[in-house]
Structures are given as structure tokens and as C-alpha cells.
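First up is the structure itself, then whatever we jot down about it.
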Amino acid sequence: MFLALFGAIESGMIYAIMALGVYLSFRVLDFPDLTVDGSFVTGAAVASISILNGLPPVLGTVLGATAGFVAGCITGVLHTKGKINALLSGILMMIALYSINLRIMGQPTLSLLNESSLKTQMVSIWEKTGIDKVLNSVLSFLGIERFPNTWGIVIIMLFVIIIIKVLADYFLMTEVGLALRATGDNQRMIRSFSANTDTLIIIGIGISNGLVAFSGALIAQHGGFADVGMGIGMIIIGLASVIIGEALFGTKTIIRATIAVILGAVIYRIVVTLALRVDFLDTGDMKLITALLVIVALVAPKILQAQREKKRRERKRAALPVEDVKNA
Amino acid sequence: MLKIEHVSITFNEGTPDEKRALQNINLHLDEGDFVTVIGGNGAGKSTMMNVISGNLISDVGHIYIGGEQVDHLPEFKRSQFIGRVFQDPMAGTAPSMTIEENLANAFSRNKPRRLRLGVNKERREQFREHLRTLNLGLEDRLTAKVGLLSGGERQALSLLMATFTEPSILLLDEHTAALDPARAELITNLTSEIVEEFNLTTMMVTHNMQQALDMGNRLIMMDAGQIIFDVSGEEKQSLTIEDLLEEFQRIRGRQLASDKAVLG
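Chains A and B are the protein sequences, given in the same order. Going by the working numbering, 236 is the number at position 235 of the first sequence; the sequence numbering is gapless. Going by the working numbering, 1377 is the number at position 34 of the second sequence; the sequence numbering is gapless.
Below, the structure written as C-alpha cells:
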């Protein structure tokens, strides 16, 4: 049980980078971008093929993220310059990327198991620190018998995700970032303040998919393989993370919204992991669980809100003198 | 400051819905001119605004702002020189952003946007000073989301955002029409104060004839895509609503007569 949760948190933090990308397109730019399903794989594919060809894993990962950025920019160009509907330009790019990803990989699946990846590098550096022993002794003190293979990934990812979050927060408060947010909020207004909304959308969707592809590159190295189908439904997973996070932690400020999205991604992983431990569910049911989660996260807050309103009204009516009620 | 030369635009040309929205418009505004524009629905008032702002591109003719030809610049480039307030109080601000973030967006109008913080201590103080002039208490709500403000407050903020960077031209498109009378008066007064303070070259479309007479130093009346009446200075000061209606009847009546003569 502990190990399953540990694994969920570990991969949840990697997927959180993807969720931040989805937050950027879906929420900040108000652009329902389905490129994500393709660009996630593009990141994984480019990173994997680079590593298999002997490039340093760090470089491969950066190349993967860059490829995602370019893919996102193309979606942005299709929408702004080609005047194609936002949803459709994302779908077109997603379909196109499926073939491109196959071309990049040369075959439907690439294995990285015998390669040196960011994961193996991190783990070998981490083991020299000896922190694992300390943490594991804490665990055995708590009565947990089976220890995770390494704490390195969780702790390094924690730093990575914090850095990305702080950078994203800062970016969204710069002059460019404010214009980007205004583009998602009121395009006509920000155009009347001399912002080039086309360029902002192209860059914004580019950054979004850069983050998604970065996440894909890390997931491929974490899992030890890249598969052409690994991105299917990724947009819904990202959306689930965003919506769960927002529902639980609120969106009052940008700083709060980004932390909500990150936590949402981790919680999503935990929920799915727990759900898959139920006997009659198996891994094939994951997409169904995801869809149900999103539906619940979207509908439940509204039902709660309606009930609170109803109770409030009842309280107010009960407080009125009896004659008033009759007259009314 | 603003020069419009032989500007014409036709919508749906060559179809049964063809509409000659602007026909050979010529207009010259000096620096500091405040012109009010009146005319019926479909007279071409909003089209003229949109052609100036770059929202629409004219078929023929040229537009100059401060001597610079702008008629082939896209809207976002022209808006470096042009401040706009729209009729819809929701149109001029970004609702999910805070008051100070909205002001920061407006502040960047005439300078390149960079990767530095949009709101810093110094700017926040500056924004507070500007908000104080509105007398609405918004200076104490800098981090409130604009979506929470009332229509009147939002329109006042829009007006401030459109003007505090001192654009070459200020375009007001019936910007008090969607407000209740008290709020409309507030915005009207603010407009007069701000235009005077910054000596802005202003064009204001309105459906309220009294407002058109009370404000500004010049008045033009439009009909069927043409400027049919243009008064300024003392002549405008002495004008009444009756005069305007009479003038409209006289000009349109004459045109109707001449149309009949042509057709007959």
C-alpha cells in the first residue's frame, strides 16, 4: 500500500509538469488545446531516440521539450493565422503528430531499459548521498517494512517542480505574462492596448506544449520506454489534474492556482492508484476512471453550491414571521 | 493630430446586402480638439471609429495620426496611439485579473512588453495616484478582481486605462450608453476632467444630443455614411437640440428632394 502510494506521488510529480502546461493553455489562454496527446509522445520520442543515439540524457530531454514547443507553436499558427477553430487546430496537430512520432521513433515502441537515462543518472548520484538510509530508518520506525527503491526521484522532482512553478508564477506576472493572461480573458481589450494577441497565443501554446513534452520525456525515462500510444487521453488526465486541484485548493491568485494544479496532478495519481487496487477494476479501466473523476470534479462543486444556497434560503424564510410567509 | 482623407468603405459589395457604410469621409482634428459625433443607427459613426482604430480597413482613403500614415497598420500597432473606451462596460477590462494588473496592461501600451514584473512598488504607487482621481475608492482595492466591480466602476476604470498613458487620440464609443443615469453622469464628468487634464484629442460618439452639445468644442452629424453637418467654436456653444433636429430635417429633406429629382 505504501509503495503504491509512493509510486503514485513519484509519477504524479512528473505528470504535474504536464498539468501545468494544460493549465496554461486551458485556463490562462482559454484555449482547449488537444495537441497535448501528441506533444507528450513527441517529447518522449525525441528524448528516447536521442538517448539511444548516445546523446546525453539532459540534452535529449531539452530537445524533447523543444520539439513540443515547436509543435505547440504550429497549433497556435493554425489557429491565429489559419483562422482554424481552436479545438480543431489542436486535433489536426494531434493526428499529424501521431505519424511524426512514429517517424521519429522508427518503430512503435522504444526501450530505454539498458540505457543511461536521467533517472539512472539521478539515482546513482543520489545513492552516494546516503539520505535513503536515514529516510528508510524513519519508515521502519513508523512500522513500514518494505522500502521504496530510491527516494531520489521524489526529492529531485520536488525541486524541479518547485523551480518550474516559481518560474511560471513569475512569468505570468511579467508584462508579457499579464498580456498573455489578458489574451485569454479579453482579447479585444488587450488588443486595444497594443498587444499582438496572435503572437501571444502562438508563444503561449508553444510554452504549454513545451512543458507537456518535457513531462513526456521524463515519463519515458522514468518508465524505461516510449510508446506511440502513451499520449492517448493525456489531455483528459491534464484536465482532471487542473479541475481536481482547482476544486480542492481554489484559484484566487496565480500562485495558488499553480500549486493547486500540481497537487491536483498528484492527487489524481493517488486516486487512480487506489481505484486500480479494487479487485474488479484493471488497468484498462483507467480511462473510464479518469473520465468519471473529471465529471465528479466538475459536477460536485455545483451540487454542493446549490445545496448551500437552498439551505441559506430556507434559513432566511424560517426567520420570517409567520404572517409574512402567508402574505408572500 | 488626426486626419482622415477620402475614406470610403463598402460592406458586402456586389450583393443585394451591399452597404456603403462610409462615403468619402474627410475630417481633420487639431491637437486638443474634442469632437462629439451624433447620427442615427447605421449612419456610420461606429464604422468610422473602427476604421480609425484599425478594427476595419477602409477600401480607399488615408488616415494620419500626428502626421504619420497609419491606414495599413494592424489594430494592435495603431493602439499605441489610440485609447478606446467601448459601450459595453465589460469590454474594456480583463475580469479575472486584478485592478493593478489591468492598469499594468494599459501602462504597457506605448512601450515594448518585457520579462519584468508588470506591477512593482513604484508602479503600484503611480496606479494608486491615478485611481484616486476617480473618487471611487478603487485605490484601496488594487488587488480586487475587476470582475467584482460594478458596471460604473468598470467603465470608470476603462476610461482611466484608456487615457492615463496620454494617447494621441481618444475614441469614446457611446461609453455612457449602457449605464444608469447617475453612473452615466459620473462617467461624463470624469471624461471632461480627464480630457481637459491631458489635453487629449478626442472623438466621442453619443446618442444623447444634450451630451453632444454640452461636451467638446466641435460637433459632427453623420447620416448614410457621410458627415452632413459640422460645427465648432461659438456656433456650437449656442446650438440647441431643436436646432440640431431642424438642421437634420433641412439637410435630409433637401437630399431627399434632390434624390427624387435624380430618380424622377
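Backbone N, C-alpha and C fix where the C-beta goes; we use that ideal spot for every residue, glycine too.
Run through chain A and tell me which residues come within less than 7 Å of residue i, C-beta to C-beta.
i: glutamate 1468(B); result: Those do not exist, as glutamate 1468(B) stays about 17 Å from chain A at its closest Cβ, beyond 7 Å.
Starting from the beta carbon of residue i, find every residue of chain A whose beta carbon is closer than 8 Å, and list them in chain order.
i: arginine 1427(B); result: Ser193
i: proline 1438(B); result: Asp186 and Asn187
i: glutamine 1423(B); result: Ser195
For residue i, which beta-bridge partners are listed by DSSP?
i: serine 112(A); result: Phe226(A)
i: methionine 1546(B); result: Val1378(B) and Leu1514(B)
i: isoleucine 52(A); result: In the DSSP output, where bridge partners are listed per residue, isoleucine 52(A) has none listed.
i: leucine 1370(B); result: Ile1347(B)
i: lysine 1342(B); result: Since the first residue of chain B shown is 1344 and the last is 1607, residue 1342(B) is not available in this structure.
i: aspartate 1573(B); result: Ile1563(B)
i: threonine 175(A); result: Leu1460(B)
For residue i, collect the residues of the same chain with a Cβ closer than 8 Å to its Cβ; drop the 5 residues on either side in sequence, then sort them by chain order.
i: isoleucine 237(A); result: Lys288, Thr291, Ala292 and Val295
i: serine 1396(B); result: Glu1418, Arg1421, Ser1422, Ile1425, Arg1427 and Leu1514
i: arginine 1475(B); result: Glu1482
i: proline 1438(B); result: Lys1488, Val1489 and Gly1490
i: arginine 313(A); result: none
i: serine 12(A); result: Ile220, His223 and Arg270
i: alanine 1434(B); result: Ser1501
i: isoleucine 244(A); result: Gly265, Val295, Ala298 and Leu299
i: isoleucine 256(A); result: Asp170
Could you check how far apart the C-beta atoms of residue i and residue j are, in whole angstroms? I think they sit under 8 Å.
i: glycine 1495(B); j: leucine 1522(B); result: 6 Å
i: alanine 1364(B); j: glycine 1568(B); result: 5 Å
i: methionine 1547(B); j: threonine 1379(B); result: 5 Å
i: threonine 1519(B); j: isoleucine 1530(B); result: 5 Å
i: glycine 1383(B); j: valine 1350(B); result: Contact flag wrong, Cβ pair sits at about 20 Å.
i: phenylalanine 1377(B); j: valine 1538(B); result: 6 Å
i: leucine 1485(B); j: threonine 175(A); result: No, leucine 1485(B) and threonine 175(A) are not in contact; Cβ-Cβ is about 18 Å, not under 8 Å.
i: serine 242(A); j: aspartate 34(A); result: So it is not a contact: roughly 15 Å between Cβ atoms.
i: leucine 1556(B); j: isoleucine 1594(B); result: Actually they do not touch by this definition, with Cβ atoms about 18 Å apart.
i: glycine 91(A); j: threonine 36(A); result: 5 Å
i: serine 1389(B); j: phenylalanine 194(A); result: The Cβ separation is near 20 Å, so there is no contact.
Using a Cβ-Cβ cutoff of less than 7 Å, which residues in the same chain neighbour residue i once the five nearest sequence positions on both sides are dropped?
i: alanine 276(A); result: Leu282 and Ile290
i: isoleucine 123(A); result: The amino acid at residue 123(A) is misidentified as isoleucine; the sequence shows methionine. These residues qualify, in order along the chain: Gly153, Ile154 and Ile157.
i: proline 149(A); result: Leu4 and Phe7
i: phenylalanine 1541(B); result: Thr1506 and Glu1509
i: serine 360(A); result: No answer is possible for residue 360(A): it lies beyond the span of chain A, which begins at 2 and ends at 329.
i: serine 1535(B); result: Met1558
i: arginine 1467(B); result: Glu1443 and Leu1485
So which residues on chain B does residue i lean against when the C-beta distance must stay under 9 Å?
i: glutamate 176(A); result: Ala1447, Asn1448, Phe1450, Ser1451, Lys1454, Pro1455, Arg1456, Arg1457, Leu1458, Arg1459, Leu1460 and Gly1461
i: leucine 275(A); result: Within chain B, no residue comes near leucine 275(A); the closest Cβ sits about 34 Å away, beyond 9 Å.
i: leucine 30(A); result: Going along chain B, no residue has its Cβ under 9 Å from leucine 30(A), so there is no contact; the nearest lies around 12 Å.
i: leucine 212(A); result: The premise fails here: leucine 212(A) is roughly 17 Å from chain B at the closest Cβ pair, so nothing lies under 9 Å.
i: leucine 168(A); result: By Cβ distance, chain B contributes nothing, its closest Cβ being about 11 Å from leucine 168(A), past 9 Å.
By DSSP, does residue i sit in helix, in strand, or in coil?
i: alanine 1487(B); result: coil
i: phenylalanine 215(A); result: helix
i: glycine 1382(B); result: strand
i: glycine 1607(B); result: Residue confidence is low: glycine 1607(B) scores 47 on pLDDT, short of 50, so the model does not pin down where it sits. Its coordinate-derived value is still stated next. Glycine 1607(B) falls in the coil class under three-state DSSP.
i: threonine 1531(B); result: helix
i: proline 322(A); result: coil
i: histidine 1405(B); result: strand
i: isoleucine 1594(B); result: helix
i: leucine 1587(B); result: helix
i: glycine 1387(B); result: coil
i: methionine 1565(B); result: strand
i: leucine 1492(B); result: coil
i: glycine 1426(B); result: strand
i: leucine 1477(B); result: coil
i: leucine 1460(B); result: strand
i: glutamate 1411(B); result: strand
i: threonine 1441(B); result: strand
i: glutamate 1509(B); result: coil
i: leucine 1446(B); result: helix
i: aspartate 83(A); result: Residue identity differs from the one stated: residue 83(A) is glycine in this sequence, not aspartate. In the structure shown, glycine 83(A) sits in coil (DSSP, three-state: anything other than H, G, I, E or B).
i: leucine 159(A); result: helix
So which residues of chain A does residue i contact, with C-beta pairs closer than 9 Å?
i: lysine 1420(B); result: Ser195 and Asn197
Which bits of chain B does residue i rub up against, with CB to CB less than 8 Å?
i: arginine 182(A); result: Ala1437, Ser1439, Met1440 and Glu1444
i: leucine 136(A); result: The contacting residues do not exist; leucine 136(A) stays about 38 Å from chain B at best.
Excluding five sequence neighbours on each side, which residues of the same chain lie with their C-beta closer than 6 Å to the C-beta of residue i?
i: isoleucine 1347(B); result: Ile1368, Leu1370 and Ile1406
i: phenylalanine 3(A); result: Ile145
i: leucine 219(A); result: Ile15
i: alanine 196(A); result: Ala180
i: alanine 258(A); result: Thr252
i: phenylalanine 1572(B); result: Met1564 and Glu1590
i: lysine 166(A); result: Thr259
i: leucine 212(A); result: Ile18, Leu21 and Gly22
What residues of chain B sit near residue i, judged by a beta carbon separation below 7 Å?
i: methionine 190(A); result: Ala1434, Gly1435, Thr1436 and Ala1437
i: leucine 25(A); result: Neighbours of leucine 25(A) on chain B: none; closest Cβ ~15 Å, over 7 Å.
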